[in-house]
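S.K.: Encoded as structure tokens, here's the structure I'll be asking about.
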Amino acid sequence: MSRSSRSVIPGFGLTLGYTLFYLGVIVLIPLGGLFYKTAGMGWDDFTRAAFDPQVVHSYKVSFGAAFAAALLNAVFGLLVAWVLVRYTFPGKRVIDALVDLPFALPTAVAGIALAALYAPNGWIGSWAQPLYADFVASLERLVPAVPWQAFLGNRLAFDLPGIFIALTFIGLPFVVRTVQPVLEEIEPELEEAAATLGATRLQTLRRIIFPAVLPALITGFALSFARAVGEYGSVVFIAGNMPFRSEISPVLIVAKLEAFDYAGATAIATVMLVASFVLLLVINLLQRWTRRHDAA
Amino acid sequence: MKLRLFPVLAAALAALSLAPAAHAQRAARPVELLNVSYDPTRELYTDFNRAFAAHWKKETGQDVRIRQSHGGSGSQARAIIDGLAADVATLALAFDVDVLHSRGQLIPADWQSRLPHNSSPYTSTIVFVVRKGNPKGIKDWPDIVKPGVAVVTPNPKTSGGARWNYLAAYAYGLKANNDDHEAAKKFVGDVYRNVPVLDPAARGATTTFAQRGIGDVFLAWDNEAFLALREFPNEGLEIVVPSISILAEPPVTVVDKNVDKKGSRKVAEAYLKFLYTEEGQDIIGKHFYRPAVSEAAKAKYASQFPAITLVTIDEVFGGWAKAQPEHFGDGGVFDQIYRR
Chain C
3 MSRSSRSVIP GFGLTLGYTL FYLGVIVLIP LGGLFYKTAG MGWDDFTRAA FDPQVVHSYK
63 VSFGAAFAAA LLNAVFGLLV AWVLVRYTFP GKRVIDALVD LPFALPTAVA GIALAALYAP
123 NGWIGSWAQP LYADFVASLE RLVPAVPWQA FLGNRLAFDL PGIFIALTFI GLPFVVRTVQ
183 PVLEEIEPEL EEAAATLGAT RLQTLRRIIF PAVLPALITG FALSFARAVG EYGSVVFIAG
243 NMPFRSEISP VLIVAKLEAF DYAGATAIAT VMLVASFVLL LVINLLQRWT RRHDAA
Chain R
297 MKLRLFPVLA AALAALSLAP AAHAQRAARP VELLNVSYDP TRELYTDFNR AFAAHWKKET
357 GQDVRIRQSH GGSGSQARAI IDGLAADVAT LALAFDVDVL HSRGQLIPAD WQSRLPHNSS
417 PYTSTIVFVV RKGNPKGIKD WPDIVKPGVA VVTPNPKTSG GARWNYLAAY AYGLKANNDD
477 HEAAKKFVGD VYRNVPVLDP AARGATTTFA QRGIGDVFLA WDNEAFLALR EFPNEGLEIV
537 VPSISILAEP PVTVVDKNVD KKGSRKVAEA YLKFLYTEEG QDIIGKHFYR PAVSEAAKAK
597 YASQFPAITL VTIDEVFGGW AKAQPEHFGD GGVFDQIYRR
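Heads up: the protein sequence lines correspond to chains C and R, in order. Using this note's numbering, the letters of the first sequence map in sequence onto residues 3 to 298. Using this note's numbering, the letters of the second sequence map in sequence onto residues 297 to 636.
Below, the structure is given as structure tokens:
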């Protein structure tokens with residue numbers, strides 16, 4: 003039985019070699035180049051470029067908006083996936099296909115369309131804009147201790163909410179498409195068994211369904227978040243891009259490239275990359291923890 | 297193998313059939329030029345290229361095909377440095393052409409003295425576009441810093457054209473305050489405090505103002521302003537000419553390294569010289585640029601350009617090499633506006 007340590011499928015060496023080569027060419031070499039360019043600039047120049055107050059504020063906007071958008075997508079993406087898996091209704095296939103549209107649409111087109119909709123003279127903006135401004139104003143009145151405007155802006159388009167709207171739009175498919183197959187795997191018999199054992203609907207949801215989809219939901223959240231952090235094309239048209247308010251980090255990268263400051267641009271990119279990597283790592287650990295927790 | 301063989305065979309056949317023809321017509325072999333330009337010149341050069349192709353055909357019997365590339369002035373300059381084989385560069389500001397020398401070594405340092413009028417066959421300036429009936433009563437620079445007036449202008453750090461807007465405002469600030477730079481900085485700061493949206497590029501700002509209904513006044517090149525009026529006739533937009541503005545001189549140059557490699561120097565130089573002829577200057581005026589050299593074209597189009605005091609970047613700001621880092625560099629005057 004000396005063969006027992008071997009895999010049933012041959013070719014491990016070949017496929018691993020190919021995987022490493024492929025990842026090397028597609029991912030590691032470009033990223034290595036990025037770090038190499040940054041490494042050439044010295045620590046002082048690096049901190050000056052990457053931790054300038056304006057840049058630091060843009061990190062907060064980029065990561066904050068991406069986090070909020072991914073969170074919203076996690077909730078409503080789960081809902082959409084649930085509806086698509088558990089019910090049959092006319093037009094289901096159309097809705098299923100619609101979910102993928104944000105994948106396919108060029109992001110600039112999405113940005114322009116969203117800006118046209120949510121602008122003060124747009125279909126949605128013309129009536130929702132005053133409501134939103136009132137909403138933020140009343141929050142400021144009710145809880146004056148929190149600087150609501152700084153978090154929520156006071157306009158829908160061309161302010162922080164615009165960034166949130168664009169990032170929610172582009173991130174939705176990631177959650178739906180990761181959760182959907184997992185939901186399909188959960189057999190309805192499990193729920194029926196829970197019901198016969200006396201579980202209420204809420205208990206079934208909390209104890210049976212939610213733990214099963216949680217790892218997939220976290221993956222979907224992470225993908226949606228990662229996609230949103232680096233998004234440029236759709237955001238610039240609707241963000242307003244005001245420094246210290248609604249300016250995302252990629253806009254500053256473009257500004258630095260425009261001034262031929264390649265090193266400064268890569269410095270910001272490096273910080274974003276490292277931060278994203280750490281966050282994704284944490285999310286992965288969290289996901290593994292929920293899986294183990296679930297199994298125990 | 298069959299599939300691989302096919303293109304090779306096809307290419308060989310094509311070469312065989314073309315070779316004698318090419319040999320026979322060596323003198324009149326068509327030539328191709330690539331003009332790399334900035335955003336708003338699209339319509340100007342489409343028209344101009346047609347005229348030049350006819351002119352060149354008449355002079356030499358050779359066909360010339362001109363391809364155009366348009367985009368933000370800075371990114372176009374970067375594309376040329378990174379290897380875009382431009383024969384001529386016609387950009388928004390001298391700074392972007394300077395980098396072709398300083399970073400790309402593609403043109404000599406004295407490029408700007410090779411053609412008349414600082415190598416700028418046309419000039420332009422910054423004017424105001426306001427809404428129908430000018431409801432906020434905007435007449436001059438002090439009106440746009442009043443509270444409650446929203447100003448639309450792109451981000452000067454990403455848009456070459458927007459740097460002219462900024463410098464025009466600064467020039468007014470200097471003039472109104474006896475050349476006090478601190479007061480001028482404060483004035484420019486007040487202008488940008490009234491800016492609700494900083495678009496990354498000029499065309500985006502036009503959309504924001506004309507289509508999204510944002511802002512009361514839009515700072516624009518005068519040719520862009522005329523274009524906005526023509527493109528959005530239902531908005532009833534109006535042009536307001538301020539008391540003072542800046543003379544924007546978009547320069548042109550042959551990209552020496554590229555034309556020498558391609559052997560297209562002769563036609564590329566003729567192309568740029570044609571911009572200075574009566575015919576070229578007339579096309580320039582027709583597209584709302586200010587003809588720089590032809591007195592006839594200046595007179596013909598004088599009515600569309602109201603009289604306005606124009607200052608140059610050289611006399612007020614000491615040239616682009618000085619103004620660029622001082623105002624638009626990291627931590628420069630523009631960055632300081634948002635830091636206070």
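The beta carbon of each residue, even a glycine, is placed where N, CA and C say it ideally should be.
By DSSP, does R:Q364 sit in helix, in strand, or in coil?
M.R.: strand
S.K.: Suppose only complete runs of 4+ residues qualify. What are the alpha helix (DSSP H) ranges in the region 422-495 of chain R, listed by chain order?
M.R.: 437-440, 456-472, 477-489
S.K.: Could you name the residues of chain R that C:A117 contacts, counting a contact when the two beta carbons are closer than 7 Å?
M.R.: Those are R508, listed as they occur along chain R.
S.K.: Using beta carbons (cut-off 8 Å, strictly below), is R:L494 in contact with chain C?
M.R.: Closer than 8 Å to some Cβ of chain C, the Cβ of R:L494 qualifies, so yes.
S.K.: Note down, in chain order, every chain R residue with its Cβ under 9 Å from the Cβ of C:A52.
M.R.: Neighbours of C:A52 on chain R: none; closest Cβ ~12 Å, over 9 Å.
S.K.: DSSP state of R:I535, grouped into three classes?
M.R.: strand
S.K.: Evaluate C:Y20 with the Cβ neighbour count: other Cβ atoms within 10 Å of its Cβ, from every protein chain shown; 16 or more gives buried, anything less gives exposed.
M.R.: exposed
S.K.: DSSP has C:V111 in a bridge; who is on the other side?
M.R.: Answer is none; C:V111 lacks a bridge partner.
S.K.: Does the Cβ of C:L174 have 16 or more other Cβ atoms within 10 Å, making it buried, or fewer, making it exposed?
M.R.: buried
S.K.: Is the region 117-134 of chain C touching the region 185-198 of chain C, taking contact as three or more C-beta pairs under 8 Å?
M.R.: no
S.K.: Which one of R:L389, R:R459, R:A479, R:Q401 has the shortest CA to CA distance from R:H623?
M.R.: R:R459
S.K.: Under a CB-based cut-off of 8 Å, is C:Q151 close to chain R?
M.R.: no
S.K.: State the Cα-Cα distance for the pair R:K557 and R:I440, rounded to the nearest angstrom.
M.R.: Take the alpha-carbon of R:K557 and the one of R:I440: they are about 50 Å apart.
S.K.: Taking the beta carbon of C:I97 as the centre, do at least 16 other beta carbons fall within 10 Å, making it buried, or is it exposed?
M.R.: The residue in question, C:I97, is exposed, as its Cβ has fewer than 16 Cβ neighbours within 10 Å.
S.K.: For the region 606-614 of chain R against the region 243-256 of chain C, do three or more pairs of beta-carbon atoms, one drawn from each stretch, fall closer than 8 Å, so that the two count as touching?
M.R.: no
S.K.: Nearest by alpha-carbon distance to C:L288: which of C:S236, C:P245, C:F223, C:T40 is it?
M.R.: Among C:S236, C:P245, C:F223, C:T40, the Cα nearest to that of C:L288 belongs to C:F223.
S.K.: For C:A68, would you say it is in contact with chain R, using Cβ-to-Cβ distances shorter than 8 Å as the test?
M.R.: no
S.K.: Per DSSP, what kind of secondary structure is R:A320 in: helix, strand or coil?
M.R.: Low confidence applies here, because R:A320 scores a pLDDT of 42, under 50, leaving its location unreliable and the question unanswered by this model.
S.K.: Based on DSSP bridge pairs, tell me the residues matched to R:E328.
M.R.: R:R361
S.K.: Classify R:S409 as buried or exposed, calling it buried when 16 or more other Cβ atoms lie within 10 Å of its own Cβ.
M.R.: exposed
S.K.: Return yes when the Cβ of R:I376 is within less than 8 Å of the Cβ of R:S541, no when it is not.
M.R.: no
S.K.: Can you find at least 3 beta carbon pairs, one from the region 34-53 of chain C and one from the region 260-270 of chain C, that sit closer than 8 Å?
M.R.: yes
S.K.: I want to see whether chain C comes within less than 8 Å of R:Y418, judged by CB atoms only; does it?
M.R.: Cβ-Cβ to chain C under 8 Å: no for R:Y418.
S.K.: Using a Cβ cut-off of 8 Å (strictly closer), state whether R:V423 contacts chain C.
M.R.: no
S.K.: Who are the near neighbours of R:S416 in its chain, counting only those whose CB is closer than 8 Å to its CB and skipping five residues on each side?
M.R.: Excluding positions up to five away in sequence, the list reads E545, P546, P547, V548, A588.
S.K.: Can C:A110 and C:S236 be called in contact, C-beta distance under 8 Å?
M.R.: yes
S.K.: Using the Cβ count rule (16 or more neighbours within 10 Å means buried), how would you classify R:Q620?
M.R.: buried
S.K.: Quick one: what does DSSP say C:A224 is sitting in, helix, strand or coil?
M.R.: helix
S.K.: Does the CB of C:Q289 have a neighbour CB from chain R at under 8 Å?
M.R.: no
S.K.: Does the CB of R:G370 have a neighbour CB from chain C at under 8 Å?
M.R.: yes
S.K.: Just the Cα atoms here: how many angstroms apart are C:G44 and C:A265?
M.R.: Approximately 10 Å, taken between the alpha carbons.
S.K.: Short of 9 Å Cβ to Cβ, which residues in the region 257-284 of chain C face chain R?
M.R.: Flagged, chain order: A257, K258, L259, E260, A261, F262, D263, G266.
S.K.: Below 8 Å between beta carbons: does that hold for C:A71 and C:A230?
M.R.: Taking the C-beta atoms as reference points, C:A230 is found nearer than 8 Å to C:A71.
S.K.: What is the residue span of the beta strand (DSSP E) that R:S541 lies within?
M.R.: 540-544
S.K.: Check this for me: beta carbons of R:V393 and R:A385, under 8 Å apart or not?
M.R.: Result yes, Cβ atoms of R:V393 and R:A385 sit closer than 8 Å.
S.K.: Pull out every residue of the region 214-244 of chain C whose Cβ sits closer than 9 Å to any Cβ of chain R, in chain order.
M.R.: V238, F239, A241, G242, N243, M244
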